[in-house]
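Notes to accompany the following structure.
In the numbering used here, the protein residues as written are 1354 to 1799.
And the structure:
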């Protein structure tokens, strides 16, 4: 589906109690990496639970364009990989649509190959800054032959005959930048080191080790992580069961907290500690969230979440928690709109460079729907109305951002007046089942 098509608005209305069980689609971060590492590894990789959203499927198409064989049989994806160091030069530009993760990680993966690769994306992705990934790649010998102003797409990379390993201190808390450098290191002789002052989601490190990469992580006395990967090693195909996406679970979770009388079970949610900042924050706010059936699946912590409607209180969310919940701030802001008192969210500068300027989009959406809020360069303050009186009634500009669309539809389930989003079509990039799943739980949405 092209995002150039006519927008499809959606409206959410005050709903009666949400009930039932929801199973989350596969985690988006792990799904992207499953296609990439499976496509690169020698032998066969089998994946169940993959998120079949547009963003992830674009990554799959990119790997196919560089020589991997990827097919779906029933509920399982089967990949025959090329072998590390054996990707082929794609014959056409790699079109990543709206996929920031897929495009940035793939730039790292292919940048150190002695070939030319062109990256294109939709209007939203073409506005997003790529310099944060391209700067370390340049240090390794990668040339950016062409790019739109500001190192944006469309852009063309030319790899060196032999890349140079680097030691790179990531200047911002970004799993995408960390991962891109580590993936560039896979095809680079010697040891590439990434230094990370603030821990971000660690799926790349865990999964590369699972595929057989010679990768080690050392945390120094100051809590700074040093991640070293030895290049040009062998990766071997694996069997992967992708756990449910906590960023997708955030939407039914917050909806159940806000809609009076709700009691739902969300199954199979990834509980990796680098991803659970939202749950930590909601528990501090007084949310009734119970972790059931806690277990380990494929090297990751997983649990089922029982969520019941709760009276929330405002809190201060510290800046250091941002990396573990960066995608969940829009829906947290919606929860804060119904909490007693003020919620202050700090350290949000990374939201300025997401699918949209997510911080501005959230603030405008809240204001449009009667919420008292203030916005700074890297913070957002929301003063809540626990009864939802006077809230809603507005139409939110989504800016082609799936998380803005879903967050404000959640708001509509609890607000006094309906909430409309100007377009629902891009929700398919990460959570194609969202509309149907919410309706099955009893939410009023059309």
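Positions of the beta carbon are idealized from the N, C-alpha and C atoms, including for glycine.
Every value quoted in this text rests on a predicted model; they were computed, and no experiment measured them.
Exercise. Hey, is the segment 1529-1539 in contact with the segment 1458-1468, meaning 3+ C-beta pairs nearer than 8 Å?
Worked result: Judged by Cβ distances under 8 Å, the segment 1529-1539 makes contact with the segment 1458-1468, as three or more pairs qualify.
For this session: Report the residue from 1588, 1490, 1582 and 1543 whose alpha carbon sits nearest the alpha carbon of residue 1564.
Result: The residue among 1588, 1490, 1582 and 1543 with its C-alpha nearest the C-alpha of residue 1564 is 1588.
Problem set entry | Span separating the alpha-carbon of residue 1609 from that of residue 1616 | Rounded to whole angstroms, the separation of the alpha carbons of residue 1616 and residue 1609 is 7 Å.
Exercise. Among 1475, 1525 and 1470, which residue has its Cα nearest to the Cα of residue 1509?
Worked result: Nearest to residue 1509 by C-alpha distance, out of 1475, 1525 and 1470, is 1470.
Problem set entry | Test item: CB-CB of residue 1709 and residue 1477 under 9 Å | For residue 1709 and residue 1477, yes; Cβs fall inside 9 Å.
Exercise. By DSSP, does residue 1355 sit in helix, in strand, or in coil?
Worked result: Because residue 1355 carries a pLDDT of 41, less than 50, the predicted location of this residue cannot be relied on, and the following value inherits that uncertainty. In the structure shown, residue 1355 sits in coil (DSSP, three-state: anything other than H, G, I, E or B).
For this session: For the beta strand (DSSP E) containing residue 1506, list its first residue and its last residue.
Result: DSSP places residue 1506 in the uninterrupted beta strand (DSSP E) bounded by 1505-1511.
Exercise. I think residue 1547 touches residue 1580, with their Cβ atoms under 8 Å apart; what is that distance to the nearest whole Å?
Worked result: Between residue 1580 and residue 1547 the Cβ distance is about 5 Å, and since that is below 8 Å, they are a contact.
For this session: Could you tell me whether the segment 1734-1752 touches the segment 1592-1604, where touching means 3 or more Cβ pairs closer than 8 Å?
Result: The segment 1734-1752, when compared against the segment 1592-1604, does not touch it at the 8 Å Cβ threshold.
Exercise. For residue 1521, which three-state DSSP category applies?
Worked result: Assignment of residue 1521 by DSSP, reduced to helix, strand and coil, places it in the strand class.
For this session: Determine the direct distance from the alpha carbon of residue 1575 to that of residue 1355, and round the result to whole angstroms.
Result: Only weak support is given to the placement of residue 1355: the predicted model assigns it a pLDDT of 41, under 50, and the value that follows is read from those uncertain coordinates. Cα atoms of residue 1355 and residue 1575: separation of roughly 47 Å, rounded to the nearest angstrom.
For this session: Indicate whether the contact test is met: 3 or more Cβ pairs, each with one atom in the segment 1657-1669 and one in the segment 1392-1405, closer than 8 Å.
Result: Verdict: no, contact absent.
Exercise. In chain order, what residues of the same chain have a beta carbon less than 6 Å from the beta carbon of residue 1703, not counting five sequence neighbours either side?
Worked result: So the qualifying residues of the chain are 1679.
For this session: Inspect the beta-carbon positions of residue 1526 and residue 1686 and report whether they are closer than 9 Å.
Result: When the beta-carbon positions are compared, residue 1526 and residue 1686 stay at least 9 Å from each other.
For this session: Excluding the 5 residues preceding and the 5 following residue 1441 in the sequence, name in chain order all residues of the same chain whose CB lies nearer than 6 Å to its CB.
Result: Here residue 1441 has 1419 and 1420 as same chain residues with Cβ atoms under 6 Å from its own Cβ, once five neighbours each way along the sequence are excluded.
Exercise. On the premise that residue 1622 lies in contact with residue 1658, defined as a C-beta separation below 8 Å, what is that separation, rounded to the nearest angstrom?
Worked result: About 6 Å; that satisfies the 8 Å criterion.
Exercise. Going straight from the alpha carbon of residue 1361 to that of residue 1779, what length do you get?
Worked result: Approximately 9 Å between the Cα atoms of the pair.
Exercise. Assuming residue 1774 contacts residue 1758 under a Cβ cut-off of 8 Å, what Cβ separation, rounded to an integer in Å, is found between them?
Worked result: That belief holds up - the Cβ atoms of residue 1774 and residue 1758 are roughly 5 Å apart, short of 8 Å.
Exercise. Going by other Cβ atoms of all chains shown within 10 Å of its Cβ, with 16 needed for buried, is residue 1456 buried or exposed?
Worked result: Classification of residue 1456: buried, given that the 10 Å Cβ count is 16 or more.
For this session: Give every residue of the same chain whose Cβ lies closer than 7 Å to the Cβ of residue 1583, excluding the five residues on either side of it in the sequence, and list them in chain order.
Result: Contacts found: 1544 and 1567.
Exercise. Mapping DSSP to helix, strand and coil, what is residue 1529?
Worked result: Helix, per DSSP.
Exercise. Quick one, are the C-beta atoms of residue 1798 and residue 1533 less than 9 Å apart?
Worked result: Taking the C-beta atoms as reference points, residue 1533 is found no nearer than 9 Å to residue 1798.
Exercise. Under three-state DSSP, which class holds residue 1707?
Worked result: Three-state result, residue 1707: coil.
Exercise. Helix, strand or coil: which one does DSSP assign to residue 1793?
Worked result: The three-state reading of DSSP puts residue 1793 in helix, counting H, G and I together.
Exercise. For the 8 Å Cβ check, are there 3 or more pairs between the segment 1551-1558 and the segment 1621-1636?
Worked result: With the cut-off at 8 Å, the segment 1551-1558 and the segment 1621-1636 touch.
Exercise. Taking just the CA atoms, how far does residue 1435 sit from residue 1631?
Worked result: Roughly 38 Å between the two C-alpha positions.
Exercise. When you compare each of 1671, 1787, 1483 and 1541 to residue 1499 by their alpha carbons, which one comes out closest?
Worked result: Comparing Cα positions, the closest option is 1483.
Problem set entry | Whole-Å CB distance - residue 1701 paired with residue 1723, under 8 Å assumed | Wrong, their Cβ atoms sit about 22 Å apart, outside the cutoff.
Problem set entry | CB contact flag (residue 1590, residue 1399, <9 Å) | Yes, Cβ-Cβ distance for residue 1590 and residue 1399 is below 9 Å.
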